[in-house]
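> Quick note on numbering: the numbering used here labels position 533 of the sequence shown as 542, and the sequence is numbered without any gaps.
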Amino acid sequence: MDRIKELVSQLTLEEKAGLTSGKDAWLTKAVERLGIVSVRVSDGPHGLRADDYSRPDHATMPAVCFPTASATAASFDKKMLYGLGEELGRECRAYGVDVLLGPGVNMKRSPLCGRNFEYFSEDPCLAGELGAAFVNGVQSQGVGTSLKHYFANSQETRRFTSSSELDERTAREIYLAAFETVVKKAQPWTIMASYNKINGTYSTANKFYIDEVLRREWGFEGVVVSDWCATHDRPGAIAAGTDLTMPAEDTDGKIVEAVKNGSLPEEALDACCERLLKLVEKAVKGRKQGAECDKKAAHLMAADFAANSLVLLKNDGILPLKKTDKVAFIGAFAKEPRVQGGGSSHIVETEITGALEAAEKEGISVTYAKAYDRNTGETTAELFAEAVEAARSAEKAVLFIGLPDSMESEGGDRPHMKLPEAHDRIVEAVCRENPNTVVVLHNGSPVEMPWIEAPRAVLESYLGGQAVGIAQVKILFGDVNPSGRLAESFPKKLEDNPSYLYYIGEGDKVTYNEGVFIGYRYYETKKQEVLFPFGYGLSYTEFEYSNLKVEKTGEHAYNVHVDVKNTGAVGGKEAVQLYVAPKKVKAIRPVRELKGFEKISLEPGETKTVSFSLSERAFAYRNADTHSWEIEDGGFGIEICKNAHEVIFRQEI
Ligand code: BGC
Numbered sequence: 010m011d012r013i014k015e016l017v018s019q020l021t022l023e024e025k026a027g028l029t030s031g032k033d034a035w036l037t038k039a040v041e042r043l044g045i046v047s048v049r050v051s052d053g054p055h056g057l058r059a060d061d062y063s064r065p066d067h068a069t070m071p072a073v074c075f076p077t078a079s080a081t082a083a084s085f086d087k088k089m090l091y092g093l094g095e096e097l098g099r100e101c102r103a104y105g106v107d108v109l110l111g112p113g114v115n116m117k118r119s120p121l122c123g124r125n126f127e128y129f130s131e132d133p134c135l136a137g138e139l140g141a142a143f144v145n146g147v148q149s150q151g152v153g154t155s156l157k158h159y160f161a162n163s164q165e166t167r168r169f170t171s172s173s174e175l176d177e178r179t180a181r182e183i184y185l186a187a188f189e190t191v192v193k194k195a196q197p198w199t200i201m202a203s204y205n206k207i208n209g210t211y212s213t214a215n216k217f218y219i220d221e222v223l224r225r226e227w228g229f230e231g232v233v234v235s236d237w238c239a240t241h242d243r244p245g246a247i248a249a250g251t252d253l254t255m256p257a258e259d260t261d262g263k264i265v266e267a268v269k270n271g272s273l274p275e276e277a278l279d280a281c282c283e284r285l286l287k288l289v290e291k292a293v294k295g296r297k298q299g300a301e302c303d304k305k306a307a308h309l310m311a312a313d314f315a316a317n318s319l320v321l322l323k324n325d326g327i328l329p330l331k332k333t334d335k336v337a338f339i340g341a342f343a344k345e346p347r348v349q350g351g352g353s354s355h356i357v358e359t360e361i362t363g364a365l366e367a368a369e370k371e372g373i374s375v376t377y378a379k380a381y382d383r384n385t386g387e388t389t390a391e392l393f394a395e396a397v398e399a400a401r402s403a404e405k406a407v408l409f410i411g412l413p414d415s416m417e418s419e420g421g422d423r424p425h426m427k428l429p430e431a432h433d434r435i436v437e438a439v440c441r442e443n444p445n446t447v448v449v450l451h452n453g454s455p456v457e458m459p460w461i462e463a464p465r466a467v468l469e470s471y472l473g474g475q476a477v478g479i480a481q482v483k484i485l486f487g488d489v490n491p492s493g494r495l496a497e498s499f500p501k502k503l504e505d506n507p508s509y510l511y512y513i514g515e516g517d518k519v520t521y522n523e524g525v526f527i528g529y530r531y532y533e534t535k536k537q538e539v540l541f542p543f544g545y546g547l548s549y550t551e552f553e554y555s556n557l558k559v560e561k562t563g564e565h566a567y568n569v570h571v572d573v574k575n576t577g578a579v580g581g582k583e584a585v586q587l588y589v590a591p592k593k594v595k596a597i598r599p600v601r602e603l604k605g606f607e608k609i610s611l612e613p614g615e616t617k618t619v620s621f622s623l624s625e626r627a628f629a630y631r632n633a634d635t636h637s638w639e640i641e642d643g644g645f646g647i648e649i650c651k652n653a654h655e656v657i658f659r660q661e662i
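1) Taking only the alpha-carbon atoms, compute the straight-line gap between V447 and P329 and give it to the nearest angstrom.
2) Might you give, ordered along the chain, the residues of its own chain that have their beta carbon closer than 6 Å to the beta carbon of E560, omitting 5 neighbours on each side?
3) Does the distance from the C-beta atom of A249 to that of L273 stay below 8 Å?
4) Under 6 Å Cβ to Cβ from D132, same chain only, skipping five residues before and after it: list those, please.
5) Can you find the residues in the same chain that come closer than 7 Å, C-beta to C-beta, to A315, ignoring five residues on each side of it along the sequence?
6) Return the CA-CA distance between G493 and K582, expressed in angstroms with no decimal places.
7) Determine the burial state of C282: buried for a count of at least 16 other Cβ atoms within 10 Å of its Cβ, exposed for fewer.
8) Tell me whether the beta-carbon of T199 lies closer than 8 Å to the beta-carbon of L288.
9) Can you tell me which residues form a DSSP beta bridge with I647?
10) For ligand 1, is there a heavy atom less than 7 Å away from the beta-carbon of D52?
11) Check whether the Cβ atoms of E553 and F126 lie closer than 8 Å to each other.
12) Touching or not, the segment 175 to 183 and the segment 630 to 640, by the rule of three or more beta carbon pairs under 8 Å?
13) For G351 versus D414, is the C-beta distance shorter than 8 Å?
14) Run through the segment 316 to 400 for me and flag every whole beta strand (DSSP E) of 3 or more residues, listed as ranges in chain order.
15) Is E417 a contact residue of ligand 1, with contact defined as CB to any heavy atom under 7 Å?
16) My output table needs one value for G89: the three-state DSSP class, helix, strand or coil.
17) Look at F486 and I373 and say whether their C-beta atoms are less than 8 Å apart.
18) Any heavy atom of ligand 1 closer than 7 Å to the CB of S171?
19) With distances taken from CA atoms, which of Y211, P120 and N556 is nearest N506?
20) Just grab the DSSP bridge partners of R631 for me.
21) Please report the Cβ distance between V407 and V449, rounded to the nearest whole angstrom; I am assuming they are in contact, meaning their Cβ atoms lie under 8 Å.
22) Nearest to D313 by alpha carbon, out of G111, P491 and K593?
23) Of the residues C134, V50 and R42, which one's Cα is nearest the Cα of K87?
24) Based on Cα-Cα distance, which residue from G299, P71, K297 and S173 lies nearest to S354?
25) Ordered along the chain, which non-local residues of its own chain (more than five positions away) have a Cβ less than 7 Å from that of D517?
26) Mind checking whether the beta-carbon of S353 lies closer than 7 Å to any heavy atom of ligand 1?
27) How would you call Q19, buried or exposed, if buried means at least 16 neighbouring beta carbons within 10 angstroms?
28) Between the segment 538 to 557 and the segment 646 to 656, do at least 3 Cβ pairs fall closer than 8 Å?
29) Does DSSP classify Y218 as helix, strand or coil?
30) Among A307, V320, A368 and K323, which has the Cα closest to the Cα of A337?
31) Over the uninterrupted alpha helix (DSSP H) stretch that includes D261, give me the two end residues.
32) Please list the terminal residues of the continuous beta strand (DSSP E) segment that includes N145.
33) Reducing DSSP to helix, strand and coil, say where D66 ends up.
34) What separation, rounded to the nearest whole angstrom, lies between the Cα atoms of A187 and T389?
35) So, at 7 Å on beta carbons, what are the nonlocal neighbours of D334 in its own chain, with the 5 sequence-adjacent residues on each side left out?
36) Please state if the CB of F143 and the CB of P112 are separated by a distance shorter than 8 Å.
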């Protein structure tokens, strides 16, 4: 008998039941007589929200708030996500945390989801690859992760009760695919089952998706943990393969009873205990006495990550600004930026550097006007007049605007896609007063920009973490060349979004009627013009693509190579994107789908060859009749694109 099985055989039924729920909010139960210790988990995902157990009030310990997933996804940079994971792993070690509750790879079905800032993308390839890199980074430090929220949890409204109704193809191709990639490429220690139901069955009780798909098909070896209070039926959850219900709850007796009355096979409970004990073993092995982390260095790392993620949406040549320009910074977010969203992911930052402070530290002198109240987003006649005056008396105005905290938080969805009305008015007025205006946005999800023609440049900061101001100043004044690319489409207006008619659902049903046509898959296929497409972002330099080569390496396998040259005067980074474009046969498919991406750095005049490997799955769709991945023999285009809308090269295969 192996060690773990042996240990399980020594546990009483009550102890086994006890292991499957928390001791408190963040600890699993120990069984001291057998030397089984508690495992400590903490949120996640873009920083560490860990309670200080040495204080009676368990106050949250300050930790570095890195850019949120909405921002880091825009880096299109797997290496960066690995580095972020590594650093978070180090912090976990230093704070005594064994498992970080993240990353979140739920799909951005609608711009309105209140937790979009915690998620990567509308595209499963991007979310899956970045999620895998993040998990590998954290776990390289001997710390576990919890991939969440499994699955189809793309709205906050009625998240505890609603049923996400989706067909097999939509589930497999879109909503499960990122989870599948992360499991196969990174084997997260745990996966968190979401609050919602999937086609009528709660995720924590969904044997098909936990046991059949996750464990048997994908080979997941870790622990399935419920989202906090997401288990409704403890024996049912054990039978489905949800190993751990968090946090503490007084229902272990139900499991004991179910085993005793024969309604829950003891083997199912034993299997959960085995997986939990393996988790304990890994956690103990990863612990390091006296581990430390350097918060100052991590703050600067957060600035570099943000600088690699911010997306330049518009620039007619006004950027970069000169450090000698007479510049006004307008808007409360210049002083106190919005750096993260609300809810369980909320970090107590170690410090925050806004753009105003960052500019001062760089010796750049700027004037400042507040323009609006940071918390409400509202303005007053006086603040408005000051903003206009600041714009008038400067050569160039940089206007920092965005969504207030209350608009983006766990537990609620946004009612619309607009900025606060006052912010839109301030943009119009400032641009009228000073034609040399740059807008800097702070928002975790797309916003409508009715004023887009007015400013000369727009920089999207997302929720860029506690050092976002440093990144903004570096980009605005040309010390860093922007290289972020949108990880989601920006529709012109909410009504253009494919889930618009069905989002939030009716009663307790949320039907995913748009099927696989999420984000750019819809906009490109429908030829629906967007404000900015998926994958879009500008640079201060230019890249020239040449020499596309497609080599066949197997029946449905190809290697693709393309040369990219920096033809401009400054160094820069490019996110090279490969899409597969299926020709229509029988299955109705999106016109193109991202199947590979690489972020490269090029000095002026430098050329690099970027290579991709495509295997069968890159061409397949899920056939719901045969329940398998199939390739239709109608041919495909291999496309190297600037973004989801702009094709640079296409080769037919
Ligand atoms: C959230 C999870 C989080 C957990 C613990 C839940 O409400 O959905 O993402 O990890 O709380 O804080």
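Every residue gets a Cβ at the ideal spot worked out from N, C-alpha and C, and that includes glycine.
Based on what the coordinates show:
1) For the purposes of this step, residue 447 is identified with residue 438 of the sequence shown, where counting begins at 1. For the purposes of this step, residue 329 is identified with residue 320 of the sequence shown, where counting begins at 1. For V447 and P329, the distance between alpha carbons rounds to 10 Å.
2) To locate residue 560, count along the sequence shown from 1; it is residue 551. By the criterion of a C-beta distance shorter than 6 Å, E560 is surrounded in its chain by N568, once the five residues flanking it on both sides are discounted.
3) Translated into the one-based positions of the sequence shown, residue 249 becomes position 240. Translated into the one-based positions of the sequence shown, residue 273 becomes position 264. With a cutoff of 8 Å on beta-carbon distance, A249 and L273 are scored as not near each other.
4) Here residue 132 refers to the residue found at position 123 when the sequence shown is read from its first residue. Excluding positions up to five away in sequence, the list reads L603.
5) By one-based count along the sequence shown, residue 315 stands at place 306. Within the same chain, A315 has close Cβ partners P76, A80, G473, G474, A476, V477 and A480.
6) Position 484 of the sequence shown, counted from the first residue, corresponds to residue 493. Position 573 of the sequence shown, counted from the first residue, corresponds to residue 582. So the alpha carbons of these two residues sit roughly 9 Å apart.
7) What you label residue 282 is simply residue 273 of the sequence shown in a count that begins at 1. So C282 ends up on the buried side.
8) Locating residue 199 in the sequence shown gives position 190, where the first residue counts as 1. Locating residue 288 in the sequence shown gives position 279, where the first residue counts as 1. In contact: T199 and L288 (Cβ atoms closer than 8 Å).
9) Here residue 647 refers to the residue found at position 638 of the sequence shown. I647 pairs with V589 and Q660.
10) The residue given as residue 52 occupies position 43 in the sequence shown. Checking the Cβ of D52 against ligand 1 gives yes.
11) Position 544 of the sequence shown, counting from 1, holds the residue named residue 553. Position 117 of the sequence shown, counting from 1, holds the residue named residue 126. Taking 8 Å as the Cβ cut-off, E553 and F126 do not qualify as a contacting pair.
12) The segment 175 to 183 is in contact with the segment 630 to 640.
13) Here residue 351 is taken as the residue at index 342 of the sequence shown, counted from 1. Here residue 414 is taken as the residue at index 405 of the sequence shown, counted from 1. For G351 and D414, yes; Cβs fall inside 8 Å.
14) For the beta strand (DSSP E) assignment, the uninterrupted runs of no fewer than 3 residues enclosed by the segment 316 to 400 are, from N- to C-terminal side, 320 to 324, 336 to 339 and 375 to 378.
15) For the purposes of this step, residue 417 is taken as the residue at position 408 of the sequence shown. Checking every heavy atom of ligand 1 against the Cβ of E417, none is found closer than 7 Å.
16) Along the sequence shown, read from residue 1 onward, the residue named residue 89 stands at position 80. A small correction: the amino acid at residue 89 is Met; Gly does not occupy that position in the sequence shown. Helix.
17) Here residue 486 is taken as the residue at index 477 of the sequence shown, counted from 1. Here residue 373 is taken as the residue at index 364 of the sequence shown, counted from 1. Taking the C-beta atoms as reference points, I373 is found nearer than 8 Å to F486.
18) By 1-based counting over the sequence shown, the position of residue 171 is 162. No, the beta carbon of S171 sits no closer than 7 Å to any heavy atom of ligand 1.
19) Taking the sequence shown and counting its residues from 1, the one referred to as residue 506 is at position 497. It is P120.
20) Counting from 1 along the sequence shown, the entry for residue 631 is found at position 622. Note: R631 sits in a beta bridge opposite W638.
21) Translated into the one-based positions of the sequence shown, residue 407 becomes position 398. Translated into the one-based positions of the sequence shown, residue 449 becomes position 440. That belief holds up - the Cβ atoms of V407 and V449 are roughly 6 Å apart, short of 8 Å.
22) For the purposes of this step, residue 313 is taken as the residue at position 304 of the sequence shown. Of the listed residues, the one whose Cα sits closest to D313 is P491.
23) Here residue 87 corresponds to residue number 78 of the sequence shown, with the count starting at 1. Of the candidates C134, V50 and R42, the one whose C-alpha sits nearest the C-alpha of K87 is C134.
24) Reading the sequence shown from its first residue, position 345 is the one you call residue 354. Selected option, being the one with the closest Cα: P71.
25) As a working mapping, residue 517 is identified with position 508 in the sequence shown. Around D517: R167, T170, S171 and S172.
26) Reading the sequence shown from its first residue, position 344 is the one you call residue 353. At least one heavy atom of ligand 1 is nearer than 7 Å to the Cβ of S353, so yes.
27) Stepping through the sequence shown from its first residue, residue 19 is reached at position 10. Exposed, because fewer than 16 other Cβ atoms sit within 10 Å of the Cβ of Q19.
28) The segment 538 to 557, when compared against the segment 646 to 656, does touch it at the 8 Å Cβ threshold.
29) As a working note, residue 218 is residue 209 in the sequence shown. Three-state result, Y218: helix.
30) Residue mapping note: residue 337 aligns to position 328 of the sequence shown, counting from 1. Sorting A307, V320, A368 and K323 by C-alpha distance to the C-alpha of A337 places A368 at the top.
31) Here residue 261 refers to the residue found at position 252 of the sequence shown. Start and end: D261 to K269.
32) Taking the sequence shown and counting its residues from 1, one reaches residue 145 at position 136. DSSP places N145 in no beta strand (DSSP E) but in the uninterrupted alpha helix (DSSP H) bounded by P133 to Q148.
33) As a first step, residue 66 must be located in the sequence shown, where it is residue number 57. Secondary structure at D66: coil, using DSSP grouped into helix, strand and coil.
34) By 1-based counting over the sequence shown, the position of residue 187 is 178. By 1-based counting over the sequence shown, the position of residue 389 is 380. Going from the Cα of A187 to the Cα of T389 covers about 45 Å.
35) As a working mapping, residue 334 is identified with position 325 in the sequence shown. For D334, the CB contacts under 7 Å within the same chain, skipping 5 residues up- and downstream, are E404 and K405 in chain order.
36) Residue numbering aside, residue 112 sits at position 103 when the sequence shown is read from its first letter. Residue numbering aside, residue 143 sits at position 134 when the sequence shown is read from its first letter. Taking a C-beta distance under 8 Å as the contact criterion, P112 and F143 qualify as a contact pair.
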